[in-house]
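Only one structure is covered here, and it is reproduced in the block below.
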Amino acid sequence: MSAATGVRTRAEVHARDRFGVRDLVAEAAAGIGTRPGRLLLTILGTVLGICSLVVTIGMAQTAAGQIARQFDAVAATQVVIQPRTQGWGEGPALATIPWDAEERMLRLNGIEHAGAIADVSIGEVSISAVSVRDPSAVATVQPIVIGATGGLLDAVRGTVTTGRFFDSGHDARADRVVVLGARAAARLGVHRVDRQPSIFIGERPYAVIGIIDGVARRGDLLDAVILPLGTARADFGVDRLAQVHARIAVGAGPLVAEQAPVALDPRTPDGFEVQVPPTSSLVRERVQGDVNAIFLALGAVALLVGGLGIANVTLLSVMERTGEIGLRRALGATRRQIGAQFLLESVVIGLLGGLIGAALGVGAVVAVSVLREWTPIVSTPMVIGSALLGGVIGLLAGVYPALKAATIEPIAALRSTA
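Residue numbering for the sequence shown follows my numbering, beginning at 4 and increasing consecutively.
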């Protein structure tokens, strides 16, 4: 532009017309397509980076969804009620759980299953599967003995592996029957109940009617000999209940926490401690945040590798095309146009890698979820953002090679190719 008149000179207008945006795009496309093998290897680095990012974030979201489902299925639907004690837990109880606690709990809105449990003390009496005691036998750890109502198994999400669980009829009649936890049954050598096996608590025989396993909330039940509550009261003088377990509907925790103590004892509702699930899934959110942070770190490393690959190949392309750059500069191309060409090439390579990597990542998340019978969770903005992130990585990776190409002088380029 002339300093005196402020009018563009003919040479400036001619150079501008010769190298327009269309020419820039054409040169960049030609530069990308001249070496398809190198282009494939360059895109491969970005594809792996974006694919790993989508897979890690997608699997983190999917895994967090499974964690949330398990959390909601167990912790968010379980309530435990027990009497408060004075002092630090060594003093007397402030309230007493009534014997009909199971029936009282089932009357409340939101309660799906309920059961009561009592600790049974058998003193120095041994438990065995034979009636004759061998004094020379090696002493073993004795199973614990507890009393329970018929609804306890459903309340703690247990399953019967063989036989059955006792019911209210056994409880009312104080029948001498027991149900064994899986580990207690293995310790006593009882593996099936169709032959009506018996165990002996001291000298009293008790018929084994079932074996349970898979208890989600009270794992100690697997090491226990479980008596009907009426039997425990008649044979061992049990005089109080220790806990009430209930399975509730999701979201019913606050209501149950308010009504259960009143239902158990309207005179001293403050004498009970009610453990209900939190209204907001803070544990779930923290677990999901931790999982996402770990996988994001891994994805960032993969992206860094892909970006370095683009920068390396673009810089190598600049060195190999020094003569071409010098010729274009001699024909009137400006530094900005040369730099823009190589920068555009780098952005296109990164964007291609991002699109392919995002597609492969979504496919991998869906495939793994189908194999694991999970529900795939993939955020659409995350996938689109990951594809565009490939272009951003290409842009950042191409800055230095583009500046390097823009600084090449025509005469220096011609000398290096002579």
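C-beta atoms are modelled at their ideal positions from N, C-alpha and C, and glycine is treated no differently.
| Asked | Found |
| --- | --- |
| Whose CA, out of T49, S129, T65, lies closest to the CA of E376? | T65 |
| Kindly list the residues whose CB is nearer than 8 Å to the CB of G192, restricted to its own chain and excluding five residues on each side of it in sequence; keep chain order. | A132 |
| Within its chain, find whatever has a CB closer than 6 Å to the CB of R19; leave out the 5 residues flanking it on each side and keep chain order. | Note that R19 scores 48 on pLDDT, short of 50, meaning its location in the model is unreliable and no value can be drawn from it. |
| Rank G335, I114, F168, A245 by C-alpha distance to the C-alpha of D216 and give the top, closest one. | F168 |
| What does the Cβ neighbour count give for L346, buried or exposed, with the cut at 16 atoms within 10 Å? | buried |
| Quick one: residues in its chain with C-beta nearer than 8 Å to the C-beta of L176, no 5 flanking neighbours on either side, listed in chain order? | Going by the sequence as given, residue 176 is Arg instead of Leu. Cβ within range, chain order: G233. |
| Using the three-state DSSP reduction, which class does D226 fall into: helix, strand or coil? | helix |
| Does the distance from the CB of V180 to the CB of A210 come in under 8 Å? | yes |
| Please work out which residues of its chain come closer than 7 Å, Cβ to Cβ, to V58, disregarding the five sequence neighbours upstream and downstream, and give them in chain order. | G364, A367, V368 |
| Could you give the first and the last residue of the continuous beta strand (DSSP E) run that contains E115? | 114 to 122 |
| Compare the Cα-Cα distances from G353 to each of A400, L374, I120, V371 and report the closest residue. | A400 |
| Among P95, R332, E115, which one has its Cα closest to the Cα of F275? | P95 |
| Which residue wins for smallest C-alpha separation from V182, given the options G172, A370, V163? | V163 |
| Look up H248 in the DSSP assignment and say whether it is helix, strand or coil. | strand |
| May I ask which residues mark the beginning and end of the beta strand (DSSP E) holding V196? | V196 -> no beta strand (DSSP E), and no H or E assigned at all. |
| I'd like the span of the alpha helix (DSSP H) that includes D174, first residue to last. | 171 to 176 |
| Between P231 and the rest of its own chain, which residues show a CB-CB distance below 6 Å, the 5 nearest in sequence each way excluded? | F169, H173, D174 |
| Leaving out the 5 sequence neighbours to the left and right, which residues in its chain are closer than 6 Å to A405 when beta-carbon positions are compared? | G342, F345, L346 |
| Following the continuous alpha helix (DSSP H) through D216, name the residue where it begins and the one where it ends. | Run containing D216: none in the alpha helix (DSSP H); it sits in the beta strand (DSSP E), 207 to 216. |
| Could you give the DSSP three-state label for F168: helix, strand or coil? | coil |
| Within the same chain, show all residues whose beta-carbon is closer than 7 Å to that of D122, passing over the 5 residues directly before and after it, in chain order. | I149, A245 |
| What does DSSP give as the partner residue(s) for P272 in the beta ladder? | Partner(s): none; P272 has no beta bridge. |
| Please state whether DSSP places A151 in a helix, a strand or coil. | strand |
| Put G254 into one of helix, strand or coil per three-state DSSP. | coil |
| What is the DSSP secondary structure of G184, reduced to helix, strand or coil? | strand |
| Grab the span of the alpha helix (DSSP H) containing Q344 for me, first residue to last. | 338 to 375 |
| Considering only residues of the same chain and omitting the five flanking positions on each side of V265, which have a CB-CB separation below 7 Å? | P272 |
| Grouping DSSP H, G and I as helix and E and B as strand, with all else coil, what is Q85? | strand |
| By Cβ distance, which residues of its chain are closer than 8 Å to L355, with the 5 residues on each side in sequence left out? | I46, T49, G393 |
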